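**Q** First, the structure itself, so that you have it in front of you.
Numbering (our numbering), first residue to last: 1499 to 1756.
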């Protein structure tokens, strides 16, 4: 071996991007700014116009970001690999369901069926017809459940618990990185509930928003723990999918009536 040879430092970014960025907190902040700010605005616009087409586009962009920016090693670094603990995939699903149903009971206890209840407000975007028969409702629930368990969990987890988390982790470690990606995730969800469009006007709900943001922050921590303990981003995706399933079930049945 040549004594003058130096170890080659591998970079998680593809060659083109590695000329512009380093895979560190600055890159993570760049991703948050270019994805989360437009997303926040588009979700608010969707809540006002009931046109949710662009939300799907944002989720798609979030999902493909790791494949645009990262090389094979980088994708493995963020958890796109086989799980090392398959038992945690089952645990992740249970955690997601339990947390989302618990959040339903908290909302009901504090705010009943009013629009200050996060699930009630989010549920209005589903446009469940009044007087819908049970068979049609079950079909509609199935469609919404499949959609809710795929698009946003895959897009958001590959983005927040994947590329954003790992870029910050390279600079500040996994613990602090989890706090950062969870904070970004929680704050962007104010556009889903907190800043609400009711009776043709915008209203900010301070108390409910605080509970909602803290809940989304804690959910994010759980999603990361499921990624960590399963050894794969799949753990986070499954926990998130289960959370969405529980939320959609609560919206379709306890909230909208049996």
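Every residue, glycine too, gets a C-beta built ideally from N, C-alpha and C.
Just so you know, these numbers come straight off a predicted model, no measurement behind them.
1) Express the C-alpha separation of residue 1687 and residue 1655 in angstroms, rounding to a whole number.
2) In terms of DSSP beta bridges, what is residue 1701 paired with?
3) Use the C-beta contact count for residue 1634: other C-beta atoms within 10 angstroms, 16 or more gives buried, fewer gives exposed.
4) Would you call the stretch 1656–1669 in contact with the stretch 1510–1530, where contact means no fewer than 3 C-beta pairs closer than 8 Å?
5) Quick check: residue 1684 and residue 1718, are their CB atoms within less than 8 Å of each other?
6) Which residue from 1608, 1652, 1746 and 1637 puts its Cα closest to that of residue 1707?
7) Would the stretch 1670–1679 count as touching the stretch 1719–1733 if we require 3 or more Cβ pairs under 8 Å?
8) Label residue 1702 either buried or exposed according to how many other C-beta atoms from any shown protein chain fall within 10 Å of its C-beta, with 16 as the threshold for buried.
9) Return the residue from the list 1692, 1697 and 1726 that minimises the CA-CA distance to residue 1711.
10) Just the Cα atoms here: how many angstroms apart are residue 1727 and residue 1586?
11) For residue 1559 and residue 1589, which I take to be in contact (beta-carbon distance under 8 Å), what is that distance rounded to the nearest angstrom?
12) How far does the alpha helix (DSSP H) with residue 1674 in it extend, from its first residue to its last?
13) For residue 1581 and residue 1544, I'd like the C-alpha separation in whole angstroms.
14) Scan the stretch 1606–1635 and note each continuous alpha helix (DSSP H) run of 4 residues or more that stays entirely inside, going in chain order.
15) Is it buried or exposed, residue 1694, if we count other Cβ atoms within 10 angstroms and call 16 or more buried?
16) Applying the 10 Å Cβ sphere with the 16-neighbour rule, what's the burial state of residue 1566?
17) First and last residue of the alpha helix (DSSP H) that includes residue 1577?
18) Shortest alpha-carbon distance to residue 1746 belongs to which of 1562, 1594, 1561 and 1689?
19) Can you tell me which of 1737, 1750 and 1511 puts its alpha carbon nearest to the alpha carbon of residue 1592?
20) Using the C-alpha atoms, what's the distance from residue 1572 back to residue 1515?
21) Among 1616, 1625 and 1647, which residue has its Cα nearest to the Cα of residue 1704?
22) Report the option in 1658, 1601 and 1668 whose CA atom is closest to the CA atom of residue 1753.
23) State yes or no: is the C-beta of residue 1511 within less than 8 Å of the C-beta of residue 1568?
24) Taking 7 Å as the limit between beta carbons, can you name the residues of its chain near residue 1583, skipping five residues before and five after?
25) Are the beta-carbon atoms belonging to residue 1742 and residue 1640 less than 8 Å from one another?
26) Rounded to the nearest angstrom, how far is the Cβ of residue 1672 from that of residue 1521, given a contact under 8 Å?
27) Can you give me the Cβ contacts of residue 1506 inside the same chain, cut-off strictly under 6 Å, excluding the 5 residues immediately before and after it?
**A** In terms of the structure at hand:
1) Going by the C-alpha atoms only, they are around 14 Å apart.
2) Listed as beta-bridge partners of residue 1701 by DSSP are 1694.
3) So residue 1634 ends up on the exposed side.
4) Counting Cβ pairs under 8 Å, three or more are found: they touch.
5) Cβ atoms of residue 1684 and residue 1718: closer than 8 Å.
6) The shortest C-alpha separation from residue 1707 is found at 1608.
7) Yes, the stretch 1670–1679 touches the stretch 1719–1733.
8) Classification for residue 1702: exposed.
9) Ranking 1692, 1697 and 1726 by Cα distance to residue 1711 puts 1692 first.
10) Distance between the alpha carbons of residue 1727 and residue 1586: 7 Å.
11) Rounded to whole angstroms, the Cβ separation of residue 1559 and residue 1589 is 30 Å, and the two are not in contact under 8 Å.
12) It spans 1672–1686 - the alpha helix (DSSP H) in which residue 1674 sits, taken as one unbroken run.
13) Approximately 36 Å between the Cα atoms of the pair.
14) Those alpha helix (DSSP H) runs which fall completely within the stretch 1606–1635 and span 4+ residues are 1616–1621.
15) With 16 or more neighbouring CB atoms inside 10 Å of its own CB, residue 1694 falls in the buried class.
16) Answer is exposed; the Cβ neighbour count stays below 16.
17) From DSSP, residue 1577 is part of no alpha helix (DSSP H); its letter is neither H nor E.
18) Of 1562, 1594, 1561 and 1689, the residue nearest in Cα terms is 1594.
19) That would be 1737, whose Cα lies nearest to the Cα of residue 1592.
20) Cα atoms of residue 1515 and residue 1572: separation of roughly 12 Å, rounded to the nearest angstrom.
21) Taking only the C-alpha atoms, the option nearest residue 1704 is 1616.
22) Residue 1753 has its Cα closest to that of 1601, out of 1658, 1601 and 1668.
23) Using a Cβ distance threshold of 8 Å, residue 1511 and residue 1568 count as a contacting pair.
24) Same-chain partners within the cutoff: 1727, 1728 and 1729.
25) No, these two residues do not count as a Cβ contact at 8 Å.
26) Going by Cβ atoms, the distance from residue 1672 to residue 1521 rounds to 14 Å, so no, they are not a contact pair.
27) Confidence at residue 1506 is low in this model, with a pLDDT of 38, below 50, so the placement of that residue should be treated as unreliable; the coordinate-derived value is given next. Nothing meets the Cβ criterion.
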